[in-house]
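Sequential numbering of the sequence shown, starting at 0, is according to numbering that gives the first Met the number 0. So the structure is just underneath, and the comments pick up after that.
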Amino acid sequence: MNGIVLYNALTRIDETLIAHAVETPARPARVRRPARLVPLLAGCACLVLICGVALFARFAGFMNGGKGSGVPHGNGTTATALTEYTALLYANGAGGGSDNTTPRYEGKPFGSFETYKKEGMKPKTVTLFGKPVTLYYSDTVKAGYSVPFDRDFYEFFSEGTNDYYLITFRSDTGKIATYQTSPSYRADYSSPVGVASTDEEFLAYANAVLAEYAGVSTEGWETAVGRSVRKWKSGERYVHVVDGRTVAVSESEYEELAGSIVKITYTKKIGGIDRCDRMTVEMTDAGEIIGFGAINYEDGFKPFLSINPDRAKIEEAAWRAFGSSGIHGYSSASIWKTELFASENSLWAVVSIHYKIGEAYGGVQYAIEVARIE
0 MNGIVLYNAL
10 TRIDETLIAH
20 AVETPARPAR
30 VRRPARLVPL
40 LAGCACLVLI
50 CGVALFARFA
60 GFMNGGKGSG
70 VPHGNGTTAT
80 ALTEYTALLY
90 ANGAGGGSDN
100 TTPRYEGKPF
110 GSFETYKKEG
120 MKPKTVTLFG
130 KPVTLYYSDT
140 VKAGYSVPFD
150 RDFYEFFSEG
160 TNDYYLITFR
170 SDTGKIATYQ
180 TSPSYRADYS
190 SPVGVASTDE
200 EFLAYANAVL
210 AEYAGVSTEG
220 WETAVGRSVR
230 KWKSGERYVH
240 VVDGRTVAVS
250 ESEYEELAGS
260 IVKITYTKKI
270 GGIDRCDRMT
280 VEMTDAGEII
290 GFGAINYEDG
300 FKPFLSINPD
310 RAKIEEAAWR
320 AFGSSGIHGY
330 SSASIWKTEL
340 FASENSLWAV
350 VSIHYKIGEA
360 YGGVQYAIEV
370 ARIE
């Protein structure tokens, strides 16, 4: 099993660029995921289908050349805030037409990564939440513009029990950058929080987890605590997790089942627009940690902290491009997300528009340069 195929899910999972690509840059082949990932991934897949934004990344065209004003920084660089915005096509979606007229974004895909193998990497035994685990090296993600350290993928997977661990370690500090495991869902799991704990108590525990295992401070990050019930309907079958086993239950039993998954999300903004990086901690309502992602792009965004992007003008530029895209006959269209990426000495806003044509859903993304380092 190759751990690198879950890189996006572990770091920015769901939540930024859309999966199920029609046309993408080359990437490692997918492999079978552990069975217990199915319930977690099913919800994300449904969101993608509902939003109708299965997008691909294809890169050719010209760079934005808007005028701007300089904002000096203490490190000797100057971040120039552009005052004229030009939308470049970043990605087209599957279904419902495509934009074939807007000049395309030229450059590396945002959040792109390269992998390589290190020689002589031996199994690693670590203690995770009180449990010793032996992990086996898979591959390494190379440092990039936004993340200035390599990450080593380690994994453990038992065919017999479907127990698994997928973990990346920072090469500079040895701390955990991303973590995913198969939980037991036991109500008697021992932790500082439980079913009766408040959102504030779950948040405090999540902060402590990131500090201890990832070596990351959560100070200055906006937080949101969400809960979702760990039961779902598959066709006409009602399903629930009991002690780590997926079992079918009756409709009446299904309605009576309690229990939830608690997810804490950490975000930051520049000028009121969300940055693309976010950190997360996910646990059962008994406090059993299911996974966390502690990678952030603080270094990449640092030169742009004084920039104040004009969201209204950014989204107006995206709508202009969409209006002349040649996509016609849609019954509805709306902006699904606008967020910022730092890449190759520029700050970019990516506007995701999804639309409906007949019964088909489609999507398109536009990249708009809003600042650059001179």
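Note that beta-carbon positions come from the ideal geometry of N, C-alpha and C, so glycine has one too.
Taking a contact as a CB-CB distance under 8 Å, the pair T101 and S324 counts as one, their CB atoms being some 6 Å apart. Annotation for F201: the continuous alpha helix (DSSP H) segment containing it runs 198–208. For G270, the three-state secondary structure derived from DSSP is coil. Residue pairing by DSSP places K123 opposite L134 in a beta bridge.
Its chain contains I12, K262, I263, T264, Y265, G290, F291, G292 as the residues whose beta carbon lies nearer than 8 Å to that of T279, once the 5 sequence neighbours on both sides are disregarded; these appear in chain order.
Contact between Y212 and K174 is confirmed by a C-beta separation of about 7 Å, below the 8 Å threshold.
With respect to S342, Y84 sits apart: the two C-beta atoms are not nearer than 8 Å.
In the DSSP annotation of this structure, W220 is not part of any beta strand (DSSP E), being labelled neither H nor E. For Y163 against S181, the beta-carbon gap comes to about 5 Å, under 8 Å, which counts as contact. Taking every protein chain shown into account, the CB of P122 has fewer than 16 other CB atoms within 10 angstroms, so this residue is exposed. Under the 8 Å Cβ criterion, the region 104–120 counts as touching the region 130–143, having at least three qualifying pairs.
The alpha-carbon of A78 is positioned some 21 Å away from that of V350.
The region 297–311 makes contact with the region 331–341; the number of CB pairs closer than 8 Å reaches 3 or more. Closest option to F156, judged by alpha-carbon separation, among R150, V132, F168, A176: V132. Q364 sits away from Y136, with the two beta carbons spaced by 8 Å or more. R226 and E281 have their C-alpha atoms spaced approximately 10 Å apart. For R169, the uninterrupted beta strand (DSSP E) run begins and ends at 163–169, by DSSP. Under DSSP, G292 takes part in a beta bridge, and its partners are T177, T279. Boundaries of the beta strand (DSSP E) harbouring E338: 331–342, taken from the DSSP string. Our two residues, F128 and N206, have alpha carbons roughly 15 Å apart in a direct line.
Following the DSSP letters along the chain, one finds F321 inside the alpha helix (DSSP H) bounded by residues 310–322. Note on geometry: alpha-carbon atoms of V146 and S249 lie some 48 Å from one another. In terms of Cα proximity to R274, the closest of E158, T126, G110, S259 is G110. DSSP places F300 in the uninterrupted alpha helix (DSSP H) bounded by 297–300. The C-beta separation of K267 from W220 comes to about 6 Å, placing the pair in contact by the 8 Å criterion. G214 is positioned such that its CB atom lies no closer than 8 Å to that of T167. In this structure, DSSP gives E211 a helical state, which the three-state scheme calls helix. Measuring C-alpha to C-alpha distances from I352 to each of I313, K301, T197, A285 identifies I313 as the nearest.
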